[in-house]
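Notes follow the structure.
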Amino acid sequence: MMLHNVPLLARGTFLYCSAPPTPIAPPELLAVGATYLWIKPNANSIIGDGPIILKEVEYRTTSGNWAENNVVDAPTYKLWHLDPDVEYEIKVLLSRPGEGGTGPPGPSLITRTKCAGEYP
Numbered sequence: 300m301m302l303h304n305v306p307l308l309a310r311g312t313f314l315y316c317s318a319p320p321t322p323i324a325p326p327e328l329l330a331v332g333a334t335y336l337w338i339k340p341n342a343n344s345i346i347g348d349g350p351i352i353l354k355e356v357e358y359r360t361t362s363g364n365w366a367e368n369n370v371v372d373a374p375t376y377k378l379w380h381l382d383p384d385v386e387y388e389i390k391v392l393l394s395r396p397g398e399g400g401t402g403p404p405g406p407s408l409i410t411r412t413k414c415a416g417e418y419p
């Protein structure tokens with residue numbers, strides 16, 4: 300467990316503040332189609348404290364606003380109904396129990412869907 304020591308008094312009293320979890324690495328791209336991206340969230344290598352009780356994927360086109368957050372309950376996740384030949388930015392958010400338990404998003408994966416009619 301990673302703890303941050305913050306001195307309260309000069310006599311050695313400390314307040315231990317735990318940090319919410321954040322992924323160290325961006326999501327891993329597993330497969331690409333014209334309308335989908337299959338990713339691995341990479342939620343096992345983190346900074347901050349767990350246990351992790353919730354994984355979410357947020358995504359957007361690189362020129363747009365964040366589209367939505369999707370809960371991930373498996374080792375991999377497929378983003379569906381995407382537009383062909385468009386660049387997307389994907390991030391993962393992790394949560395631990397308690398108030399303030401959601402950490403900031405991890406590093407981004409930036410990738411592009413295939414052109415319509417393009418085959419693997």
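In terms of the working numbering, the sequence shown opens at residue 300 and continues consecutively. C-beta: ideal position from N, C-alpha, C; glycine also.
Item                                                                                                                                            : Value
So, are the CB atoms of Arg395 and Pro326 less than 7 Å apart?                                                                                  : no
Answer with buried or exposed for Glu386, where buried requires no fewer than 16 other C-beta atoms within 10 angstroms of its C-beta.          : exposed
Just the C-alpha distance for Ile338 and Asn369, rounded to the nearest angstrom, thanks.                                                       : 13 Å
Give me the Cβ distance between Thr375 and Leu329, rounded to the nearest whole Å; I'm assuming they're in contact under 8 Å.                   : 6 Å
Whole-angstrom Cβ separation of Glu355 and Leu392, contact assumed at under 8 Å?                                                                : 4 Å
Between which residues of its own chain and Gly349 is the CB-CB distance below 7 Å, once the five residues before and five after are set aside? : Pro320 and Arg395
Hey, how far is the Cα of Trp415 from the Cα of Trp379?                                                                                         : Strictly speaking, residue 415 in this sequence is Ala, with Trp absent from that position. Near 14 Å, if we compare the C-alpha coordinates of Trp379 and Ala415.
Provide the residue span of the beta strand (DSSP E) that contains Val331, from first to last.                                                  : Glu327 to Val331
What does a CB cutoff of less than 6 Å around Glu357 pick up in its chain, not counting 5 residues either side in sequence?                     : Trp365, Asn368 and Lys390
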